[in-house]
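Here is the structure we will look at.
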Amino acid sequence: MAEDILRRLQQIHADMPFSEQIYNETLIIIENKVFIMVGKKLHDFGLISPLRVDGKDFDNEIARELDYDFKALQHQVTDLIPQLIPE
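In terms of our numbering, the sequence shown has 57 at position 54, counting the first letter as 1, and numbering is strictly consecutive.
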């Protein structure tokens, strides 16, 4: 993923080297995806957390909106799938 970010930046700046900022941006993307899926940050799993600057911190309102009870939803799906009419 970091290499993809580097390639994208190298399209604009051909001599762009790999840097800590690219590594950090990759961690931010990964942590955002993990947070959406399980509601936890990387440090909750014993991993390095990214340094968030320039307002890239989690928006608490968005986090609340994404705070689903995935087990309850999965149970609901499991109960409702047999009721579907095959077409």
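Note that CB positions come from ideal geometry on N, CA and C, so glycine has one too.
Roughly how many angstroms separate the alpha carbons of residue i and residue j, rounded to a whole number?
{"i": "glutamate 28", "j": "proline 89", "result": "45 Å"}
{"i": "phenylalanine 73", "j": "glutamate 34", "result": "18 Å"}
{"i": "leucine 83", "j": "tyrosine 26", "result": "43 Å"}
{"i": "proline 20", "j": "glutamate 6", "result": "11 Å"}
{"i": "phenylalanine 48", "j": "leucine 87", "result": "38 Å"}
{"i": "isoleucine 32", "j": "threonine 81", "result": "31 Å"}
{"i": "leucine 54", "j": "arginine 11", "result": "21 Å"}
{"i": "histidine 78", "j": "lysine 36", "result": "23 Å"}
Which of helix, strand or coil does DSSP assign to residue i?
{"i": "tyrosine 26", "result": "helix"}
{"i": "isoleucine 88", "result": "coil"}
{"i": "arginine 11", "result": "helix"}
{"i": "leucine 54", "result": "coil"}
{"i": "aspartate 18", "result": "coil"}
{"i": "aspartate 72", "result": "coil"}
Among the options, which one has its Cα closest to the Cα of residue i?
{"i": "glutamine 24", "options": "Leu76, Phe38, Val56", "result": "Val56"}
{"i": "glycine 42", "options": "Val80, Ser52, Tyr71, Gln14", "result": "Tyr71"}
Leaving out five residues on either side along the sequence, give the residues of the same chain with a beta carbon under 8 Å from the beta carbon of residue i.
{"i": "isoleucine 51", "result": "Leu30, Leu45"}
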